[in-house]
Every structure is written in structure tokens, then in C-alpha cells.
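Notes follow the structure.
Numbering (this note's numbering), first residue to last: -9 to 1185.
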């Protein structure tokens, strides 16, 4: 199988690299000839790409610099069509021998020339003339070639005797070298100026680096099997200054005098493109973008014995683009113009100029010109969809674009799927470049044509048809849905040698496409009912559409290159590869030479040098064609007088031709200019117009009767309307089938006054100002307003409503204000819109404007001005929600009676207290579950503090306190800083206090009336009792806080040296063994007791420590050792018994403890905190601003 695919590549028109080629098309024709005085033979020619100077050198020291300039003020005569004259014709004196080399340095505007005596002169431009700047003569040998590098900084000069000199632009020598025993004849720089190629007289090419060191010999694949001596005709390396036709494009061309040529991607390319031009070559050159290689020389003519001068054109991939034959004896050189649209040829003592019509990738669909170009900075093609009506352009980048085909409102871009895969894509786009439907196909779409319903793509052996839409108008979306289902048989493929009957459904079978054919396809075209396939032998095959059946075969004696059917598919126009246009009647029945009746006849008309043609869309006998720089319009094969232009024809209908100057557009493809679209009216339209204007309607109608066309009848109808000749206008509208026009004339007939009729006609022709003025003059303000209403010109409606006397219609005024408001709102000028909406009382749009302006005050005022349950309120509320304004949103929701939405908003914006309040006010049950749900979500994420905050905000203090205690307990277990744990316990206790308060208040609310405070408090306590059975912490919320408070206090007192008070405080800790670990309590107690020499207490503490289960045996051992050490020195007895007794005994009548000192309070006067209800000694409290335990301020 691998072999078969390889053959398929070659056959399908892909080169070895698997590159799609499309069928390149290009036309050339000779356009001008300049004679050199005294018949001096030319040797060389060079066209400056930037400034347009042409330098030519010849025998006897001839050196001229010419410049062709186009002088024209006519916008239509641009580009090639504009007449050109010599604006410079200067003879440069200085050489004596024949001038053999001329080369331009475009960057520095210098010309370098040398003659057969080895004299080199550098010329510079000064005040519009050329002068000698530098001279150099080696006298030893003759210069064979000179080349400037890409940036114009260096020149390399090679002499016949092997000397090489590299110099700088300012005349300094950089290096020189003698290549011994070698005859040099050519030199070329690489694009990056790192490599030099030297061509030898024996046909070898050597590669050197830019310092003159030999690297290697170039492998010349194109000379395989060539015998005898060959010499190099030319080396040209395109430097990529304008980008490449595609990535990795061959750019180095080498050609030999025997016609063998190779094009390489780089100097050591192992697989170059090989060409055998089959002619004797004298000169080669790339065009300005490296897309076309021109090879000039001579060919043996078959008929005569003399040689014919010929220029062959090739793509970088070796495809032949065409041949240009040139008169004269001996062609010596050629050079491209900077824009690639002209080429100059030196022949004998003449310069011939040929115009080039390039193969642009372009198309035209629904007022849009689609064109593609390449950019130096991107590998893809840039495809521009330029809407000529609105002058807007849409740009797409497309990889490996093969062709652009357009029809109606659609466009097909044919591209290669990717580098490694031999698949191709036909992308259906609309006129702004949106891809609607891509189709992947397995044949190369070398030829693509499309009709209103079908796309047909052909390779050389087979063609594929795809019905991309059905006859009725469909949206892009519907097209997609239809074409998605492949089973409907909308795609088929046929081999060119098959004879399908049309009845059997074709299948999508690509195996057909691989089979070769002896007679490949060379062109296709299609209309709604006919498909024409042209083959290289001249056979034309006609198929029916939409079901493809072979109807007829015809034979022509030319190889078609572009085929085109007229609008009723009766005639076929054929442009062959040499630019000859012929016509073929598909249905005519004629006798052939043998007396047999045959179908199809070649018509008598034939035109040469034709490069574009278009049939009229609405008349089968009309067509326009481009011949050289003239456009001809033919009616029934008779030409009208030509029009000078070089545009490509976009469209021909309604007796008007739309043409586009692609040459001009592609000089600056990013900024297409509307001047480059030209409309030409054909003669019958111009004549009818002239008749109407100058002679009169009667004569004009007679002329139109003889040359009928809807466009002419419309012209006549409009002219008759202007003159209020209603009878003639009606007849003309009938003839052009304009139903609206007929109705309009009828309506005019029913109007009484003449001025009314005139006003209506003015409005009909779009002269609205005039019509309005007429209405106002007749004092018919209502009609003027009606006219402006129809046009949607609300500003003018407002003006008219306000200026008139009498009352304006209020509803209309309101409508106008709103419409003007809409106008500003559409343009996002919200401030202006607000003013009009206010006047138009349009609350909906006002709300939107305020919102857009972020004028929330205005929005709030608007909401408050609306009546209750207004339909706009929920929307306004939502606007507030979106910007997080809870209060305003809630107000709006409540106003329209949506408390649920209000609660949801509060929840959404985390205003839980508000949410709870609302839920209670509107007795909603679900708030608790809502909270629980949210809290559990927070707890899942380990955001306990957030959950506490949530409960606290929603006044669920009990739940908050539960969580708070949990955190405090956890922190205590972690043995964090005691102060921090105390703070947490205080917070938890405060939450519990808030909870108590809440319960009390609730009870107060319930037990209204006479009952006293006491009963309500009691009821509160009862309710609390029910709650608190669950939680141990409600009744003694402060235990944790107290425990850690005394724990910290004892240590502080100890460190400050108040050992006795420290001991008293430490003794309290015995009550809190459930909160603080026992070890810590008794260790601290032992320490304090020991410090205050209360060894009895100390001993008790040690006994407790030694009996603890939780300690390991060695820890217990340590305690025992320590006790032994202490109590061997001191007897375990307390000294100051009395005071401690009371503390140690405790007993029933337990005294309150002072939280500031830790001592029991024995006096009757003491201070009690209002929050935590703990006491402080009266004399102590004066030292404090805040309660030592709960830190609430001392009142």
C-alpha cells in the first residue's frame, strides 16, 4: 500500500513534501517597448524595487537610468491601466567597455556597475540625478558578478580570475581573497548574510562562510545524467523580506544554461525541487515576494529554424505558471518591478515590458471582497473579508490556504488539513468569515466551484459534490443541523471516467478517487442545473445537477483553464492557458463535416490576452471581459467601446459592472480603500440616462422598448415619477415587475393637490428633508411627523412635536421621549438616556440606567416612588442584591410582598440577624433549619468561628455558646496559653449571659399585664431549666473562666512575691479539678504553700500528687524524692493556722471570693460586676477600670 499512496501524491498534484498546489494561474502580456538610441545592444538590466529606477547597461559603455511614472488624475485609471511615461532618462557617462553588471543597493539608493575592463563605479542620487561617488579598477581581470547583502551593508565582488572582495557600503574593504586556479562567474548572499555562494565557470557552486572560508560544494541534483560542459545561467536567493508563500518554502534558485534548474530551501537542501525548462537560459529572477521565478532564454521553434525568445514562470515548488514569448533576436536579461506586476526584458537594443496578472486568492460575495495575502511575520495566510458597503473588515488567519471560492452570500476556503495528513478541508463561511460548516475530503481540491446549493471540488481524477444548503433560505444554524446528518446523501464522489446516470445515488467512496486517468481534469464550473468538467485533451463533460448524470461530451481544440457558464447555462466561455477566450454553444444542433448532426457549436468570437471574464447574472447574452488593460462589454458577441482599467470583475448585474483593483489593495492589504471598488455602467444604461435627461421620456421609452431590461424600466419609472407622469411611471413599474412601485403610483393618483404628490415623490426617492419642508409649507405637521416616525428619526419627531402650536399628542410625546432614551441607552450614554426616560415616564428603563450609572440613590428613590406590588420592584430588589445593598433590597422585596425573597437576600448577604428578625416578623418556620444548614456547612469546612459568628448575628446565643465552649475545651486540652483559654471561656460565658437576657425578654413579652417582675423572671427560669437539662454550662457558665482566672492570678501573685495571697488563691483551684489538670493545680498549690512556709498544706498537696493515677512511676518517684528533701528540713505543719482554717474547712456558709485578690470577702461592703455577677473587695475596686474576670467596664 505505501507505494500506491506515494503515486497518489504525485497524481493528486502534491509534490514530494505532500504539499497541496492548487492550480496556479497567471497571465502575462507585453505592454510597452522602449528603444535604446543608436541600436546599442543591451547586456544587463536591473529594476530598483523601492524607488522604481531601471538601470540598463550595454555595449560601448552604455549605461542608462530610466524611470516609468504614471500620470493620471482619474481614480479609475490606477495600476497597470494608467498611462506611463519616462519621468527620468539619464545617460551615465564613465564606462568605456561594454557594461556587464548592474546592481542596486535599495537601502542606500546606490547603483553599482562594472564593465569589461574591470572598472567598477558606484553612483549616487543627488538632486534628482545620478553622479559618480566611487571608482575602483583592478586592471587585472574583469568583474563577473556583484551582490549586496540583504541589509545593504556589504557588497561582494567576484572577478573572473578568482579574486573576491567584500566591501562596506561606505567604500571600505572588509576582506579580500584569491581563490587560486578557479574561474568565478556568480555570487549570492544568504538571507542572514552568513553564507556566500560562489558559482564557478565549470558549473560548480561552492559554499563559503562570510569570512571567506570554504565550507563545502553544493550538491547539484538537477545535473544528474547531464553530459558535456554546462555553465551557470543564474543564482538568485530570495531573502524573505516580504514573507514566504508558506512555511519552509524553497527560496534559493540555481539555473544552468541547458535549462536544468533546482530550487532549494537552504544551501544544503538534500531534496530540492527540480525543473527542466527545456530551453537555453540566460537569466533568472524571483519576484518581490518569492512566489514566482522568471526564467528567461530562448527555445528552438518547431516550425522555423530560428530561436524564439521565451520567459517561463514557475512557483517555488516547480509548477509551471505559463510562458511568455518575446520578439527579437537575442534576450540578454530580465528584472522584476518592485510590486511584481511588471517585468522588464532586455532584448537586442530594446527594453520590453510585460504586465503580469497574478493568481490572487480572492472572491466576492454579498458586497464583500474576500482576499488573501501573506505577511512576513506570520506563517499562515491572512484572509480579509472586506465589507465594501460599510467599509468594515474581518480578518482570519488560515493555514495552507489553497483557494477562495464565492457564490451568493457564502464563501468556501479550501485548505490542507495539516502537514502530515493527506486530508483537505472545505470550510463554508458567511460573508464576515464565520465558519459555518467544515467538510473534510480525501481528494485535493485543485478546482473548486460553487452554486447557490452545491459545492463541487475536483482533483485531477475525480470530483466531489456537496449539497451545502437547500433552495429555501436557511440560517447558519439550520445549515449545520442539515449537513450534520451525512446519511441524507448530500455528499458524493465521482471519477472523471465514470458515466453516472443520475438516477443512482452516488456514494462517498474515496477508493474511486485514487484510480488514475489518462486525461486529467483541468477546469470546472457549475450553474444551478449544470456541471461542466474540462479535461486536458480539450474534452468537455456536461453533467446535470443536483443528481449528477453525464448528459453530453463535447470536444474543443484547446486546454481550458477557466470555464464559465452564462445565467441560463446555454453558453460556455472558455479561457485557455494562453489567455485566448472562446465561446461554445452547448445546445446548438449543427451538421459536422460528415453530415452528421451534432450538439454543441464553437462560436465565431475569439479574443487574445484575456485574463478575466464574467457573464451578467440577469442576461444570457451579456458578458464583460478583461483584455490587457481594457474592459470590454459584449452583447450578443458584439463589443461596446472598451474602458481602460485593470480591475478584476466582481459582479455584473443590472447593467452595472463592479470591479475591484486588487493590485492596489494588495499593495497595502491592511487598509483597503473604497476608491479601489469601481462601478461601470454599460452603454445601454448610459444612453437611456442621457436620453431621459436630454431628449425626453417619450423617446427614452421607445429606446428602452427596443432594448428592454428591468433596470432601464426602473430608470424610466423613476424619471417619470420625478415629472409626475403617473401613467408612464405605472407602465414602467409594470414592466420591471415592481409591485410596490405600482401601489405607490396608485396612491399618488388618489391624492388631490400637486404639492402633496411632489412631497410624496421626494420621500419615495429618499429626499426626506425636502419632503418634510413641503409638508410643513402645506401646514401638515402631522404628515411631517408621520414621515419621521417611519424613518425612526425620533429626535426630529420631538422637535416637530415641540415646535408646533396647539397641544402635542401626549402619548406620542411620551413614545418619542422613550425612543430617544432608547437611542442613547443603545449607545450606553446612560446619563442622556435618563433625562428622556424621566420625561417619558419609563420606569423599567430608568431602573436599568440608574443601575448602569451606579446611581443607587436614584434607584432607591425610584423604588420608593413605585406603588406597592409593582412588577418592577422585584427587578430593582435584584439590582440591589447584585451590589450587596441588603437593606434597600429587603425594603423593595417587602414592598412587593415577597418576604421569602427578602429573607433569602439577607441569608445570601450574610445578614443573619436581619434574616432572623424578618423570619420572626413574618412567622416563617424555616429560619432555624436554614441556620443549621449553613452552620453545618461551615463546620464541615472547619470554620467553627464563622459558625459562632453566624449564630451570634442571628441571636442564637445558646448554639453559639455551645460551639464556643467546645473551642475553649479543645484549646485547654491543647495546653495553649492560659490567658487565651480564659478569654475563650469568658466569650462563651458572655454568650450564655446574652442567652439568659434573651429568654427573660421573651418571657416579659409573653407575660404582659399585671403580673410582677418576679413571676416573669420565674417563668424565664423555668423555660431555661427545660433548655439547660441538655447543657451543663448554662447554670454555671463562668466556671471555666473562673478556673483559668485564679490559675493565672495565683502565678502572678507568686511571681510578684505576695506568697500568702498566692496561696489563698491557689487553694481556690481545688474546686476546678474538672477544668484544669489536677497535676497542675496541686503542683502550683505545693509551690505556693512551700513559698509561704505552710508546710502542712504543702504536705497534703504532695500526698495528693503522689496518689494520682495519671502519673508514671518515675514521675511519682521524683515527687517522693522532692517531698523527702523538703520535709526532712521542715516539719509538715502550717504556721498561721487561723486564717487558712476557714479557707480549708470551707463549709456551708461559703464566703464570696474577691476576683481581684483571690481572698474571701468578709465585709458587707463590696462591688459586684453587673455582667458576670462576681465580687471585688470595696477597697480594691478603685484600682480597676474593668472587671478583672469578664473585663466589662466598672460602672
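Glycine included, every Cβ here is placed at the ideal spot set by N, Cα and C.
Problem - Nearest-angstrom Cα separation, counted from residue 779 out to residue 738 - result: Counted from its first residue, the chain shown places residue 738 at position 748. Counted from its first residue, the chain shown places residue 779 at position 789. When rounded, the distance between both Cα atoms is 20 Å.
Handout entry: Neighbourhood of residue 892 by C-beta distance below 6 Å, restricted to the same chain and skipping five residues each side
Key = Residue mapping note: residue 892 aligns to position 902 of the chain shown, counting from 1. Answer for residue 892: 880, 883, 884 and 908, listed in chain order.
Practice task
Count the other C-beta atoms from every protein chain shown that fall within 10 angstroms of the C-beta of residue 475, then say buried if there are 16 or more, exposed otherwise.
Solution key: Start at 1 with the first residue of the chain shown, and residue 475 comes out as number 485. Reliability of the predicted coordinates at residue 475 is poor, the pLDDT of 45 falling under 50, and the value obtained from them is presented with this limitation in mind. It counts as exposed.
Practice task
Quick one: residues in its chain with C-beta nearer than 6 Å to the C-beta of residue 596, no 5 flanking neighbours on either side, listed in chain order?
Solution key: In the chain shown, residue 596 corresponds to position 606, counting from 1. Correct list, in chain order: 572.
Practice task
In angstroms with no decimal places, state the Cα-to-Cα distance between residue 1158 and residue 847.
Solution key: Taking the chain shown and counting its residues from 1, one reaches residue 1158 at position 1168. Taking the chain shown and counting its residues from 1, one reaches residue 847 at position 857. Roughly 50 Å separates the two Cα atoms.
Exercise for the section: Keeping to the same chain, check which residues put their C-beta closer than 8 Å to that of residue 1174; ignore five residues upstream and five downstream. Expected result: Counting from 1 along the chain shown, the entry for residue 1174 is found at position 1184. Hits under 8 Å: 1146, 1166 and 1184.
Exercise for the section: Compare the C-alpha of residue 49 against each of 106, 418 and 1065 and name the closest. Expected result: The sequence position of residue 49 within the chain shown is 59, counting from 1. For the residues 106, 418 and 1065, the minimum Cα distance to residue 49 belongs to 106.
Practice task
Can you grab the Cα-Cα spacing for the pair residue 727 / residue 698, in whole Å?
Solution key: For the purposes of this step, residue 727 is identified with residue 737 of the chain shown, where counting begins at 1. For the purposes of this step, residue 698 is identified with residue 708 of the chain shown, where counting begins at 1. When rounded, the distance between both Cα atoms is 13 Å.
Handout entry: Short Cβ contact (8 Å threshold) for residue 781 with residue 747
Key = The count along the chain shown starts at 1 and reaches residue 781 at position 791. The count along the chain shown starts at 1 and reaches residue 747 at position 757. No, these two residues do not count as a Cβ contact at 8 Å.
Practice task
Report all residues from its chain with a CB closer than 6 Å to the CB of residue 312; omit the five preceding and five following residues, and keep chain order.
Solution key: Against the chain shown, residue 312 aligns to sequence position 322. The residues are 16 and 303.
Exercise for the section: Hey, could you find the ends of the alpha helix (DSSP H) residue 767 is sitting in? Expected result: Here residue 767 refers to the residue found at position 777 of the chain shown. 758 to 767 is the span of the alpha helix (DSSP H), which, as asked, contains residue 767.
Exercise for the section: From the DSSP output, read off the bridge partner residues of residue 78. Expected result: As a position in the chain shown, residue 78 is number 88, starting the count at 1. For residue 78, the beta-bridge partners assigned by DSSP are 57.
Problem - Local Cβ density within 10 Å of residue 337, reported as buried at 16 or more and exposed below that - result: Indexing the chain shown from 1 puts residue 337 at position 347. Flag for residue 337 reads buried.
Problem - DSSP bridge partner residues for residue 299 (one or two, in chain order) - result: Residue mapping note: residue 299 aligns to position 309 of the chain shown, counting from 1. Partner(s): 288 and 316.
Handout entry: Residues bridged to residue 89 (per DSSP)
Key = For the purposes of this step, residue 89 is taken as the residue at position 99 of the chain shown. Paired residue(s): 105.
Problem - Rounded C-alpha distance that separates residue 240 from residue 372 - result: Counting from 1 along the chain shown, the entry for residue 240 is found at position 250. Counting from 1 along the chain shown, the entry for residue 372 is found at position 382. If I take the Cα positions, the gap works out to 20 Å.
Problem - When 226, 213 and 264 are compared against residue 279, the one with the closest alpha-carbon - result: Within the chain shown, the letter at position 289 stands for residue 279. For the residues 226, 213 and 264, the minimum Cα distance to residue 279 belongs to 226.
Handout entry: Cα-Cα separation between residue 671 and residue 403, rounded to whole angstroms
Key = By one-based count along the chain shown, residue 671 stands at place 681. By one-based count along the chain shown, residue 403 stands at place 413. Cα to Cα, residue 671 sits roughly 31 Å from residue 403.
Handout entry: Limits of the unbroken alpha helix (DSSP H) element including residue 897
Key = Reading the chain shown from its first residue, position 907 is the one you call residue 897. Note, residue 897: alpha helix (DSSP H), 889 to 898.
Problem - Top-ranked residue by Cα proximity to residue 262, from 253, 638, 934 and 270 - result: The count along the chain shown starts at 1 and reaches residue 262 at position 272. Among 253, 638, 934 and 270, the Cα nearest to that of residue 262 is on 253.
Handout entry: Between the CA atoms of residue 288 and residue 296 - distance to the nearest angstrom
Key = Sequence index remark: in the chain shown, residue 296 carries index 306 (1-based). Sequence index remark: in the chain shown, residue 288 carries index 298 (1-based). C-alpha separation (whole angstroms): 10 Å.
Handout entry: Backbone secondary structure at residue 629 - three-state DSSP
Key = Position 639 of the chain shown holds residue 629. Strand at residue 629.
Exercise for the section: List the residues that DSSP assigns as beta-bridge partners of residue 646. Expected result: The residue you call residue 646 lines up with position 656 of the chain shown. Looking at the DSSP assignment, residue 646 forms a beta bridge with 643 and 671.
Exercise for the section: Indicate the three-state DSSP secondary structure (helix, strand or coil) for residue 657 in the structure shown. Expected result: Within the chain shown, residue 657 is the residue found at index 667, counting from 1. Residue state, collapsed to three classes: coil.
Practice task
Report the three-state DSSP secondary structure of residue 428 (helix, strand or coil).
Solution key: For the purposes of this step, residue 428 is identified with residue 438 of the chain shown, where counting begins at 1. Residue 428 falls in the strand class under three-state DSSP.
Handout entry: Range of the contiguous alpha helix (DSSP H) that encloses residue 755
Key = For the purposes of this step, residue 755 is taken as the residue at position 765 of the chain shown. Counting along the chain, residue 755 falls outside any alpha helix (DSSP H), and DSSP gives it neither H nor E.
Handout entry: First and last residue of the uninterrupted beta strand (DSSP E) at residue 213
Key = By one-based count along the chain shown, residue 213 stands at place 223. Element bounds for residue 213: n/a, residue is neither H nor E.
Practice task
Determine the burial state of residue 838: buried for a count of at least 16 other Cβ atoms within 10 Å of its Cβ, exposed for fewer.
Solution key: Here residue 838 refers to the residue found at position 848 when the chain shown is read from its first residue. The residue in question, residue 838, is buried, as its Cβ has 16 or more Cβ neighbours within 10 Å.
Practice task
Use the C-beta contact count for residue 1179: other C-beta atoms within 10 angstroms, 16 or more gives buried, fewer gives exposed.
Solution key: Position 1189 of the chain shown, counted from the first residue, corresponds to residue 1179. The residue is buried, with at least 16 neighbouring Cβ atoms inside 10 Å.
Exercise for the section: On a CA-only basis, which of 420, 481 and 385 is nearest residue 430? Give me that one, please. Expected result: Here residue 430 refers to the residue found at position 440 of the chain shown. Residue 481 is the option with its Cα nearest to residue 430.
Exercise for the section: Report, in whole angstroms, the separation of the C-beta atoms of residue 26 and residue 340, which I expect to be a contact under 8 Å. Expected result: Numbered from 1 along the chain shown, position 36 holds the residue referred to as residue 26. Numbered from 1 along the chain shown, position 350 holds the residue referred to as residue 340. 7 Å between Cβ atoms; contact.
Exercise for the section: Using only alpha-carbon positions, find the residue among 956, 533 and 1083 that is nearest to residue 1052. Expected result: Translated into positions along the chain shown, residue 1052 becomes position 1062. Residue 1083 is the option with its Cα nearest to residue 1052.
Practice task
Please look up how many angstroms separate the CB atoms of residue 98 and residue 128, rounded, as I've assumed it's under 8 Å.
Solution key: Counting from 1 along the chain shown, the entry for residue 98 is found at position 108. Counting from 1 along the chain shown, the entry for residue 128 is found at position 138. 23 Å between Cβ atoms; not a contact.
Practice task
Using 10 angstroms around the beta-carbon of residue 268, count the other beta-carbons present and answer buried if the total reaches 16, otherwise exposed.
Solution key: For this step, residue 268 is matched to residue 278 along the chain shown. Exposed: under 16 other Cβ atoms inside 10 Å.
Exercise for the section: Indicate the three-state DSSP secondary structure (helix, strand or coil) for residue 1028 in the structure shown. Expected result: For the purposes of this step, residue 1028 is identified with residue 1038 of the chain shown, where counting begins at 1. If DSSP states are grouped into helix, strand and coil, residue 1028 belongs with coil.
Problem - Cβ neighbour criterion (16 or more within 10 Å) applied to residue 695 - result: Walking along the chain shown from the start, residue 695 turns up at place 705. Exposed: under 16 other Cβ atoms inside 10 Å.
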